[in-house]
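>
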Amino acid sequence: MGRDAPAAPRMAAPAAAHAAPAVGDADRRRARDIHVAIVGGGGTGAAILHDLTQRGLRCTLFERGELTSGTTGRHHGQLHSGARYAVGDTDIARECMEEVTILRRIAAESIEMNYGLFIALDDDDVDYTAAFERACSESGIPNRRLSTTDALRHEPGMNPNARHAVMVPDGTIDAYRLPLQFLATARAGGATIRTFCEVTGIDSSDGRVSGLTVRDYRSGRDERIAADVVINAAGPWAGSVAALAGVGLPITPAPGTMVAVKGRLCNMVVSHLHPPGDGDIIVPQRNLSIVGSTQWKVDDPDAIRTPPDDILRLLDRARELVPAFAGAEFHAAWTAVRPLSGRTDAGGRELSRNFQVIAHASDGAAGLFSVTGGKATVLRAMGEAVADDVCRFTSLAIAGRTADTPLLAHREFFRRQERVHEPV
Ligand SMILES: Cc1cc2nc3c(=O)[nH]c(=O)nc-3n(C[C@H](O)[C@H](O)[C@H](O)COP(=O)(O)OP(=O)(O)OC[C@H]3O[C@@H](n4cnc5c(N)ncnc54)[C@H](O)[C@@H]3O)c2cc1C
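Counting in this note's numbering, the sequence shown runs from 1403 upward without gaps.
#1: Apart from the five residues on each side of it in sequence, which residues of its chain come closer than 6 Å, Cβ to Cβ, to residue 1745?
#2: Helix or strand or just coil, what does DSSP make of residue 1770?
#3: At the level of alpha carbons, what is the spacing between residue 1758 and residue 1741?
#4: Who does residue 1634 pair with in a DSSP beta bridge?
#5: Pair every Cβ in the stretch 1641-1651 with every Cβ in the stretch 1714-1730, then say whether three or more of these pairs are closer than 8 Å.
#6: As a quick exercise: from 1551, 1576 and 1570, pick the residue whose alpha carbon is nearest that of residue 1564.
#7: Out of 1511, 1535, 1524 and 1471, state which residue places its alpha-carbon closest to the alpha-carbon of residue 1495.
#8: Taking the alpha carbon of residue 1589 as the point to measure from, which residue in 1690, 1458 and 1667 has its own alpha carbon closest?
#9: What are the boundary residues of the beta strand (DSSP E) that includes residue 1659?
#10: How far does the beta strand (DSSP E) with residue 1627 in it extend, from its first residue to its last?
#11: Run through DSSP, which three-state label would residue 1736 get?
#12: At the level of alpha carbons, what is the spacing between residue 1649 and residue 1791?
#13: Locate the alpha helix (DSSP H) running through residue 1717, then write down its first and last residues.
#14: Considering only DSSP beta bridges, list what residue 1514 is partnered with.
#15: At a cut-off of 7 Å, would you count residue 1639 as near ligand 1, judging by its Cβ distance to the nearest heavy atom?
#16: How about residue 1605 and residue 1592: do their beta carbons lie closer than 8 Å?
#17: Please classify residue 1462: is it buried, with 16 or more other beta-carbons within 10 angstroms of its beta-carbon, or exposed?
#18: Once DSSP output is grouped into helix, strand and coil, what is the label at residue 1564?
#19: Counting along the chain, where does the alpha helix (DSSP H) carrying residue 1502 start and finish?
#20: Taking 7 Å as the line, does the beta carbon of residue 1441 fall inside it for any heavy atom of ligand 1?
#21: Output the boundary residues of the alpha helix (DSSP H) element that contains residue 1581.
#22: Tell me whether residue 1550 sits in a helix, a strand or coil according to DSSP, three-state version.
#23: Can you tell me whether residue 1694 is buried or exposed? The criterion is at least 16 other CB atoms within 10 Å of its CB, across all chains shown.
#24: Any idea if residue 1385 is buried or exposed, counting beta-carbon neighbours within 10 angstroms, 16 or more meaning buried?
#25: Is there contact between the stretch 1553-1568 and the stretch 1698-1707, where contact requires at least three CB pairs shorter than 8 Å?
#26: Could you give the residue range of the alpha helix (DSSP H) that holds residue 1377?
#27: Is the beta carbon of residue 1468 closer than 8 Å to that of residue 1597?
#28: Whole-angstrom Cβ separation of residue 1442 and residue 1636, contact assumed at under 8 Å?
#29: Any idea what DSSP makes of residue 1649, helix, strand or coil?
#30: What residues are listed by DSSP as bridge partners for residue 1595?
#31: Taking three-plus beta-carbon pairs below 8 Å as touching, is the stretch 1576-1585 in contact with the stretch 1438-1452?
#32: Helix, strand or coil: which one does DSSP assign to residue 1455?
#33: Tell me which same chain residues have a C-beta within less than 6 Å of the C-beta of residue 1479, skipping the five on either side of it?
#34: Run through the DSSP bridge pairs and tell me what residue 1835 is partnered with.
#35: Quick one: what's residue 1757 bridged to in DSSP?
#36: Please determine, among 1764, 1754, 1725 and 1766, the residue with the shortest C-alpha to C-alpha distance to residue 1678.
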């Protein structure tokens, strides 16, 4: 991961022969006095909130609208095994596969483990297959080549004229429930969540952040809130949030369109066995089938519209993978915006899908961290990386445990409402 964190971690002292209090206990007591403000209530903010709360820090999350109202509530819903990225970047692919394994353990109710088929439609795809399988294997992604006859037994909805298929452990994520599981667990651990609260200012003194200005749309009031650390997890809006502290952030907001038709036309995730491009993934979500996506760049993530040409192109591509798309009833088309790390003069597909945690100490804003890039599949890992950097910054030797902690059910979020609007 691209990290830019300050100061090396403070190492725990060697254990004394007789029971002096463990360094971890002292750090845990000190952690309770550190207030972390997290900007953004998408999947990334939710995972950060959970991780830091579990490590014992006092955390408040601010979301300008409803929870998951940004990109998180609108993504394609694929649980990426990493196969899609393996040929280009084995590190991302490996990370996806590791997170699939972890999420199945800690958040099973938000995941449908329906597996995926990458199908070869022409000679180029057939030629690409060996490199694809090799890259998957190098990334630790189980993969199995199937004849068309065998693949059709697993997925009768796929194109019967495919040349062959490769099965991988892709799946479907419930884009809404997964973050709610993180949020419910964080709140049960003492975190505060404030929705309809937009961060409009980041305060600092002597080169270090000291708090936020927040507009609470429910009360109509502006509030000043003290914070020792501010995390910018505002997804495609992260550039605007960083600017509140006078900091420039290398980020490219890159929208993409998806189209849903009525009916579950396939039960597995069906992808085109070729380098990533437009309209090459179909994800079944409950009783819908969703094809996506496209990609372009924008300056303002709030000023996007769904291009009509995208819808027609996506439906064309979908028919090649799952022919029943031809007669299916249109359900919806929408666009979401990726918060890609880095800047580019080209279209954006060349930018890495990896995530970055950026510490802004060298920008004159020590204590401010921004997270860019990534994907919903790796949100837990993003939360852990940010929390590791916050612990380094605050000299807390407290390790993360989120990989081994089953999350509360998403319903618990609604059963325990009491802290949602509680002021800090
Ligand atoms: C077309 C498309 C398809 C995708 N498909 C998949 C997929 O199939 N699988 C997968 O794993 N990933 C997928 N992704 C990626 C995934 O959706 C994103 O990486 C992820 O949702 C980003 O979450 P986030 O929390 O970082 O951002 P967001 O969900 O956008 O959250 C940021 C939040 O910050 C809030 N905010 C902004 N400014 C302020 C402020 N000043 N004060 C308070 N709050 C503020 C916003 O309202 C927003 O809710 C897809 C992305 C796109 C665009």
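All C-beta atoms in this analysis are idealised placements derived from N, C-alpha and C, irrespective of residue type, glycine included. Predicted, not measured: the structure shown is a model, and the values here were computed from it.
A quick look at the data gives this:
#1: For the purposes of this step, residue 1745 is taken as residue 343 along the sequence shown, with counting starting at 1. So the qualifying residues of the chain are 1652 and 1654.
#2: Sequence index remark: in the sequence shown, residue 1770 carries index 368 (1-based). Three-state result, residue 1770: strand.
#3: Along the sequence shown, read from residue 1 onward, the residue named residue 1758 stands at position 356. Along the sequence shown, read from residue 1 onward, the residue named residue 1741 stands at position 339. Roughly 11 Å separates the two Cα atoms.
#4: Locating residue 1634 in the sequence shown gives position 232, where the first residue counts as 1. Per DSSP, 1441 and 1772.
#5: no
#6: As a working mapping, residue 1564 is identified with position 162 in the sequence shown. Distance from the Cα of residue 1564 is smallest, within the candidate group 1551, 1576 and 1570, for 1551.
#7: Residue 1495 sits at position 93 when you count from the first residue of the sequence shown. Among 1511, 1535, 1524 and 1471, the Cα nearest to that of residue 1495 belongs to 1535.
#8: On the sequence shown, position 187 is the one that residue 1589 refers to. Of the candidates 1690, 1458 and 1667, the one whose C-alpha sits nearest the C-alpha of residue 1589 is 1458.
#9: For the purposes of this step, residue 1659 is identified with residue 257 of the sequence shown, where counting begins at 1. 1653-1664 is the extent of the beta strand (DSSP E) around residue 1659.
#10: Here residue 1627 refers to the residue found at position 225 of the sequence shown. Note, residue 1627: beta strand (DSSP E), 1623-1628.
#11: Taking the sequence shown and counting its residues from 1, one reaches residue 1736 at position 334. Three-state result, residue 1736: strand.
#12: Taking the first residue of the sequence shown as 1, we reach residue 1649 at position 247. Taking the first residue of the sequence shown as 1, we reach residue 1791 at position 389. About 19 Å.
#13: The residue labelled residue 1717 in the question sits at position 315 within the sequence shown. If you look at residue 1717, you'll find it in the alpha helix (DSSP H) that goes 1710-1723.
#14: As a first step, residue 1514 must be located in the sequence shown, where it is residue number 112. Answer is 1574, bridged to residue 1514.
#15: By 1-based counting over the sequence shown, the position of residue 1639 is 237. The answer is yes for residue 1639.
#16: Here the question's residue 1605 lines up with position 203 in the sequence shown. Here the question's residue 1592 lines up with position 190 in the sequence shown. When the beta-carbon positions are compared, residue 1605 and residue 1592 stay at least 8 Å from each other.
#17: Stepping through the sequence shown from its first residue, residue 1462 is reached at position 60. Label assigned to residue 1462: buried.
#18: Residue mapping note: residue 1564 aligns to position 162 of the sequence shown, counting from 1. Secondary structure of residue 1564 (DSSP, three-state): coil.
#19: Position 100 of the sequence shown holds residue 1502. Note, residue 1502: alpha helix (DSSP H), 1492-1508.
#20: For the purposes of this step, residue 1441 is identified with residue 39 of the sequence shown, where counting begins at 1. Within the cutoff, so yes.
#21: Position 179 of the sequence shown, counted from the first residue, corresponds to residue 1581. Taken as a continuous stretch (DSSP letters only), the alpha helix (DSSP H) holding residue 1581 covers 1579-1590.
#22: Along the sequence shown, one-based indexing puts residue 1550 at 148. Helix at residue 1550.
#23: The residue given as residue 1694 occupies position 292 in the sequence shown. When all chains shown are included, residue 1694 counts as buried.
#24: For the chain, the structure presents residues 1403 to 1826; residue 1385 sits outside this window and is missing.
#25: no
#26: Outside the shown range of the chain, which is 1403 to 1826, sits residue 1377, and nothing can be said about it.
#27: Position 195 of the sequence shown, counted from the start, is the residue given in the question as residue 1597. Position 66 of the sequence shown, counted from the start, is the residue given in the question as residue 1468. Contact: yes.
#28: Position 40 of the sequence shown, counting from 1, holds the residue named residue 1442. Position 234 of the sequence shown, counting from 1, holds the residue named residue 1636. Right, the Cβ-Cβ distance comes to about 4 Å (below 8 Å), so this counts as a contact.
#29: Numbered from its first residue, the sequence shown carries residue 1649 at position 247. It is coil, neither helix nor strand.
#30: In the sequence shown, counting from the first residue as 1, residue 1595 sits at position 193. Residue 1595 is bridged to 1463.
#31: The answer is yes - the stretch 1438-1452 touches the stretch 1576-1585, with three or more Cβ pairs under 8 Å.
#32: The sequence position of residue 1455 within the sequence shown is 53, counting from 1. DSSP places residue 1455 in helix when its eight states are reduced to three.
#33: Within the sequence shown, residue 1479 is the residue found at index 77, counting from 1. Only 1574, 1575, 1577, 1685 and 1687 meet the Cβ criterion.
#34: Only positions 1403 to 1826 of the chain appear in the structure, and residue 1835 is not among them; the question remains open.
#35: Reading the sequence shown from its first residue, position 355 is the one you call residue 1757. DSSP lists 1775 as partners of residue 1757.
#36: Within the sequence shown, residue 1678 is the residue found at index 276, counting from 1. The shortest C-alpha separation from residue 1678 is found at 1754.
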